[in-house]
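Chains as they are written, first to last, in our numbering: chain A, 1 to 95; chain B, 1 to 677. Okay, so here's the structure we're looking at.
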Amino acid sequence: MRREPKGTHLDGPATGGSGVIPLNVLQPGEHGIVVQLAGGRGLLGRMTALGFTPGAEVTVLQNFGRGPLIVRVRDARVALGRGEAGRIFVRRNAG
Amino acid sequence: MSTCHPARTTTAEPPTAQHTLLVALAGQPNVGKSTLFNLLTGLNQHVGNWPGKTVERREGFFTFDGTTYRLVDLPGTYSLTANSAEEVIAREFIIRERPDVVIALVDAAMLERSLYLAAELIALPAPLVVALNMMDVAEQEGVRIEPEVLEAAMGVPVVPMVATRGEGVQALLETVHRLACGEVPYVPKPPQIRADHREVLEEIEGLIAGYVPAPYPQEWVALKLLEGDREVTRMMQASLPPDRWEEVHRVLRAHDDALVAVASGRYEWIGRMVRAAVTRPKAGQISLTERLDRWATHPFWGLVVLAGILGLVFWLTYTIGTPVQDLLDTYVVGVLADAVRAALSGGPSWLADLLADGVIGGAGAMLTFLPILVIFFAVMGILEDVGYLARAAFVMDGFMHLMGLHGKSFLPLFLGFGCNVPAVLGTRVIESRRARLLTLLLAPLVPCTARMAVIAFLAPAFFGSAATLVSWGLVLLALAVLALSGAVLNRFLFHGQRAAFIMELPLYHLPNWRTIGLAVWQRSLAFVRKAGTLILAVSVVVWALSTFPGGRVEESFLAQVGRWLEPAGRWMGLDWRLMVALLTSFIAKENSIATLGVLFGAGESAGLAETLVATFSPATALAFLVTQILFIPCVATVGAIRQETGSWRWTLFDIGFLLVVSLAGGVVVYHLASLLW
């Protein structure tokens, strides 16, 4: 079993970018557009296969502020851990 | 036109068998693949493992219009990038076996996401048919799809269907047949990589040209290299000259974000298909799934729901399983053993004993396992099929996390309270290989009913009114040891890694009894066939050890081993008889009481309990109970572990690990308890 390379970032979390936030801060009912993903290849592969790619719309369905989240992405309901959600960066979408 | 020669005239080898067409069924999880597979093959199917893997392989036959089809069910995967064994199996099969047709099953109600796998399949060298399943669900949600438009856009045949009602199956088979015969034009329009990466893809292709091992398509290999695919990277590193590999490697390092670009390219392609073919998008109504999940995935109510369901499972087990088990034991195993004894009454007594106690006893133990096994398989099957399993995993994930496990490990482990065998077999629901292995290594630490029976017999005798407290304490101790072992094993065997928690929560739907029934039947059969041989063999061996040379346990080889082990037992305050009782619990946990009965010449009556209390101190009794609750699992569980890991190394490792843990537990508890009494 190979370890996931920890450093394969696609740019770090945007610090200066306007309104780019990790997915786990969105409240239930809020929408976001995926801007970038961070993580090792294994995690990125699973995220993209489940529908998280730049441009995809994500709606948060459940987020109690702690514990895992449930989101809707490309019509699928996907559960993901807080840490995993923190590696998906989105721009809040009013729509 | 009933038969035809397969269209793959490009491949050099002839078709494997005349008039038998090879069809592969691919699809993401939860799109109804099992339903379609069972619908097509019925009972004409075979379940095994993929060679060298512990992944289930199902294949079957059906005939349509005079042609025989061999249908292979590929593992359900979201993509074809080498993240897991399933993905490698699926794509290797298509690339190496070159099926005449690949059916990509797609969920019409979740078109974008489920077309992702089709976007990968269309780039492989086998003709593809897209089966648009769950058209009824899509319609309910207000989505309208035009299959002809999708077909024109993708350049591959698209067949709408509702597999649960058998709708569209005829049309699907006709399309498969015509595609295999080359009667329909096949001009697939596969997705392109995102524009900003087209150049680097060409560069890689140029570098590897001429070095790609057959039968892998060159462009596909280049794409997989960009995606950072482990297997393909390894393969190309081996086949390219070192300096050429260096060059490829340099390009890849400079584009380590290419994975997302490749995936984005596929979704852009899907977006174009969907925009063309979907004439009315999803209406914003609140679905049944959403309403149910307000309870089922709630941090508090979710646990209440789970507790309720588990309570129901155990109620079912005890009201149906246990009585049936007793009936089988009395009227089948007992009657058969008596019949054998009667028939052989004239022959040597050891032969009658061998058959009645060794063979029938061993086979009988397995037979009496079956009712519980069937109930648990059915329960797991129903919970998985209706979509609840993922919710149970969701609410338990935080807790299981502490042990280095995944939320999906919870249910199999919990089933272990009934019996460890279904717990081990139930780990199949865990996708992550590592979490699955860890779960099945830990499963024997869940105290099963047979172990609890031993406690129920001994605890009241030794501890009187404190018996309940002691029993609960033992259960809690076992669970604490399980949690601790999980954390430790995860740290040392898997370097503290934990699979990322990201999984789909499928829509709830009514259970498909045919799919569940077939799964229960196949899993039970597999257990009897594979683990059965081992259980029978070990039963006979242990029977022989406890019978020879004298015919009495107290003078047997087993007793000699027990006496030989007595010095070690003394550390835990156990004498040789208790050691022998532990050893015979390997056949079945409840055996230890029967063994003590024989050794003390008292049978299983109340007299035995009194004799034991008079012979042993409470500290010894407690040490014995601790050791037996943590001890190596019964032979049926060992058989199951062997079957599921596919490895003697892991099986023996687990036995050794549990042996050390249980003996250490016994020693510690004995000395602590000796201080008290």
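The beta-carbon is built from N, C-alpha and C at its ideal position, and this holds for glycine as well. Quick caveat, the model's predicted, so the values are computed rather than measured.
Asked	Found
Residue range of the alpha helix (DSSP H) that B/R434 falls in?	433-442
Please compile the residues from chain A whose C-beta is within a distance smaller than 8 Å of the C-beta of B/A85.	Those do not exist, as B/A85 stays about 12 Å from chain A at its closest Cβ, beyond 8 Å.
Does DSSP put B/S674 in a helix, in a strand, or in coil?	helix
Between B/A263 and B/V31, what straight-line distance do the alpha-carbon atoms span, to the nearest angstrom?	21 Å
According to DSSP, is B/V102 part of a helix, a strand, or is it coil?	strand
Specify the secondary structure class of B/H249 as computed by DSSP and reduced to three states.	helix
Three or more beta-carbon pairs under 8 Å between the segment 502-520 of chain B and the segment 623-634 of chain B, yes or no?	no
Alpha carbon to alpha carbon, how far is B/T468 from B/L327?	29 Å
Any beta-carbon of chain E closer than 9 Å to the one on A/L23?	In the structure shown, chain E does not exist; the protein chains are A and B.
May I have the straight-line CA-CA distance separating B/D243 from B/R230, to the nearest angstrom?	20 Å
Measuring only the C-alpha atoms, how far is B/R165 from B/D385?	16 Å
Pull up the distance between the alpha-carbon of B/G732 and that of B/R523, whole angstroms please.	Any question about residue 732 of chain B goes unanswered here, given that chain B covers just 1 to 677.
Rank A/G39, A/R77, A/P28 by C-alpha distance to the C-alpha of A/G86 and give the top, closest one.	A/G39
Apart from the five residues on each side of it in sequence, which residues of its chain come closer than 6 Å, Cβ to Cβ, to A/V78?	L50, V71
Can you name, in chain order, every residue of its own chain whose Cβ lies under 7 Å from the Cβ of A/V107, other than the five neighbours on each side?	With chain A covering 1 to 95 only, the question about residue 107 of chain A has no answer from this structure.
Which word fits A/G19, buried or exposed, when buried means at least 16 other C-beta atoms lie within 10 angstroms of its C-beta?	exposed
Which residues in the same chain have their Cβ closer than 6 Å to the Cβ of B/A153, if we skip the five residues on either side of it in sequence?	M273, A276
I'd like to know whether the C-beta of A/G67 is nearer than 9 Å to at least one C-beta of chain B.	yes
Using the rule of at least 16 other Cβ atoms within 10 Å of the residue's Cβ for burial, across every protein chain shown, is B/P549 buried or exposed?	exposed
Look up A/V34 in the DSSP assignment and give the residues it is bridged to.	A/V90
From what residue to what residue does the alpha helix (DSSP H) around B/T533 run?	532-547
Roughly how many angstroms lie between the CA atoms of B/P157 and B/W648, to the nearest whole one?	46 Å
Using the Cα positions of B/T637 and B/F414, report the straight-line distance between them to the nearest angstrom.	15 Å
Where DSSP assigns a beta bridge to A/I21, which residues make up the other side?	A/V90
Give the interface partners of A/E84 over in chain B, defined as CB-CB distance under 8 Å, in chain order.	A500, F501, I502
Taking B/R113 as the reference, give the member of B/E268, B/V540, B/R280 with the closest Cα.	B/E268
Does the beta carbon of A/I33 come closer than 9 Å to any beta carbon on chain B?	no
Are any of the Cβ atoms in chain B nearer than 9 Å to that of A/L80?	yes
Could you tell me the boundaries of the alpha helix (DSSP H) in which B/G562 lies?	557-570
Going by DSSP, what residue range makes up the alpha helix (DSSP H) through B/V470?	467-494
According to DSSP, is B/F527 part of a helix, a strand, or is it coil?	helix
Classify B/M503 as helix, strand or coil using the three-state DSSP reduction.	strand
Counting only runs that start and end within the segment 136-178 of chain B, where is the beta strand (DSSP E) found for 3 or more residues in a row?	158-160
If you check the beta carbons only, do B/L678 and B/A483 fall under 9 Å apart?	Residue 678 of chain B lies beyond the stretch modelled for chain B, which goes from 1 to 677, so this question has no answer here.
If the cut is a Cβ gap below 9 Å, which residues of chain B does A/F64 touch?	H298, P299
Would you call the segment 431-439 of chain B and the segment 607-614 of chain B touching, i.e. three or more CB-CB distances under 8 Å?	no
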